[in-house]
Every structure is written in C-alpha cells, then in structure tokens.
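So the sequence shown is numbered by the numbering used here: it starts at 10 and just counts up by one.
Everything on this sheet refers to the single structure shown next.
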Amino acid sequence: MALTQKQYDHIRSELDNCQNPLYFFDDDPDGLSSFLLLYRYKREGHGIVVKTHPTLDARLAPSLDDYKPDKVFILDVALLEQSFVDICPVPIIWIDHHGPHEVKGVLYFNPRIRKKDSNTPTTYMCCNAVKQDLWIAALGSIADYYIPDFLDDFKAQYPDLIGSEKTIGDIYFTTKLGILIKIFSFCLKGKTQEVMKNIKILTRIKT
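As structure tokens, then:
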C-alpha cells in the first residue's frame, strides 16, 4: 500500500470538509485520472490542468481569485513552488509520487517519503481514498506503467475492457482499456480552453 489507511482516510476527509475545492492536475492520463476520481466523488469545485510542466508556481495564482476556493488539491504535479503556497489563502493538499520535495505550508501525501523507489501513481492513491470509479483508476495506473493490486477486481467488473493480459505492453496495445488511455491522452492535447471542454465531458460519463 503506497500510503497508510489513515492517510487515505485523511485525504477523503479533506474532500468531505470543503464546498468549493480547486484541483490543479498534471496534463497526462495519471493527472487527469486523479482529478476525475476526486471530482466525481465530491461533485463540487473546478479543475485546472497544469501545462507549465512540471511546475505549479505563482503564474497560476490568479485562478485563486477567479474561483475563490476554500481548499486546493494539487495532483500529480512534480514541483510546487513556495511562491504559489505563500500566495494561496486556503489549505493545500498535495498528492504526488515524484520527488519528494520539501515545501512549507502544505499537506503532502507522497509514497516516496516512506519508500524512495516507489513508483505508485497518483491515480492509485486517489482511488484508495474515494473507493469508486475503478475503470478510471485502472486507466490512470496502467497509463503510468503501474499494475495495480485491484487489477483482478477491475477485470471482473469490466471484462469488455480487458481480458487475460498481464503485462503493461499487452494491456496498452491490445485492449479496449489501452484505447481509452489513448483517448485520455488525446483529450489533453491542444489549447487549455479546448482541453477543459473535453475534461468536462469526462466528468459526466456514467458507467
């Protein structure tokens, strides 16, 4: 387990105890899947894809005035600059699997703090916090070259998306789940305004 159960419960509690969260997430399938998992659980707030890759800094601070969040979640963003934290007037929850890095004034969840060589994607951690949308969790994990321990449960729930494939390559290139990964990647291409239109559709998909 990448984080402890207490940490997963803490993430979920942070979601439960806000009304207008703002989510910043990386512009890859892991970042997008992480956002979708939290947003589809909470059904409140706004998402912003971080294209100043791989850093979140003061350049995105104006969005705090635009959306006036009561909490900020930063997902799968490798670097968070202290300049952004110092400007942000509300609590920041940073869930990531790069680094780790030391930033003051944030609630930081990173499996590499406990295990330096952990390759657990942010999607996996978000899934364990909200316990829903297993197809999104599998998609984001496989896209980040990680075989999650819930893969058999996913296969049982969605046999049309994956069969007996066991390797990342086979899943990515020969299954419908692999096609979905490519669709998620495509949705993140282009201008930010168009990307957010695509993502809005994904937040509303029913399974």
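Each residue gets a CB set at the ideal place from its N, CA and C atoms; glycine is no exception.
All of these numbers come straight from a predicted model, not from anything done at the bench.
Whole-angstrom C-beta distance between residue j and residue i, which should lie under 8 Å
| i | j | result |
| --- | --- | --- |
| aspartate 85 | threonine 131 | 4 Å |
| lysine 80 | valine 99 | 6 Å |
| phenylalanine 44 | leucine 65 | No, phenylalanine 44 and leucine 65 are not in contact; Cβ-Cβ is about 13 Å, not under 8 Å. |
| tyrosine 1 | glycine 56 | Outside the shown range of the chain (10 to 216) lies residue 1, about which nothing can therefore be said. |
| leucine 31 | proline 78 | 4 Å |
| aspartate 25 | valine 59 | Not confirmed; about 24 Å, so no contact. |
| serine 42 | glycine 199 | The Cβ separation is near 19 Å, so there is no contact. |
| alanine 147 | isoleucine 20 | That pair is no contact at about 19 Å. |
| tyrosine 181 | glycine 187 | 4 Å |
| tryptophan 144 | threonine 212 | About 14 Å; that fails the 8 Å criterion. |
| phenylalanine 118 | glutamine 16 | 6 Å |
| isoleucine 151 | isoleucine 177 | 6 Å |
| lysine 185 | leucine 170 | 5 Å |
| alanine 11 | tyrosine 133 | 6 Å |
Beta bridge counterpart(s) of residue i as assigned by DSSP
| i | result |
| --- | --- |
| tyrosine 117 | Trp103 |
Selected residue, minimal CA-CA separation from residue i, among the options
| i | options | result |
| --- | --- | --- |
| lysine 191 | Met134, Pro38 and Ser22 | Pro38 |
| leucine 89 | Ala70, Asp75 and Tyr76 | Ala70 |
| lysine 209 | Asp18, Arg52, Asn26 and Gly178 | Arg52 |
| phenylalanine 82 | Tyr155, Cys135 and Arg213 | Cys135 |
| valine 204 | Thr176, Phe193 and Arg213 | Phe193 |
| alanine 102 | Glu23, Asn128 and Arg213 | Contrary to the premise, residue 102 reads as isoleucine rather than alanine in this sequence. Considering only alpha carbons, the answer is Glu23. |
| phenylalanine 93 | Asp74, Arg68 and Ile104 | Arg68 |
| isoleucine 96 | Asp74, His106, Tyr117 and Asp105 | Asp74 |
| alanine 87 | Tyr76, Gly114, Gly40 and Leu46 | Gly40 |
| histidine 106 | Gln141, Asp18, Thr183 and Thr129 | Thr129 |
| leucine 116 | Ile104, Arg123 and Lys175 | Ile104 |
| glutamine 141 | Tyr76, Phe163 and Arg123 | Phe163 |
Practice item. Would you list, in sequence order, the uninterrupted alpha helix (DSSP H) runs of no fewer than 4 residues that lie entirely inside the region 126-158? Key: 131-139 and 143-152
**Study point:** Entirely enclosed alpha helix (DSSP H) segments - the region 25-102, minimum 4 residues
**Key:** 38-51, 71-76 and 91-96
Review point. Using 8 Å as the Cβ pair cut-off and three pairs as the minimum, do the region 143-160 and the region 110-118 touch?
Key: no
Exercise for review: Could you tell me which uninterrupted alpha helix (DSSP H) segments, each at least 4 residues in length, are contained entirely in the region 170-197, listed from first to last along the chain?
Suggested key: 177-183 and 185-196
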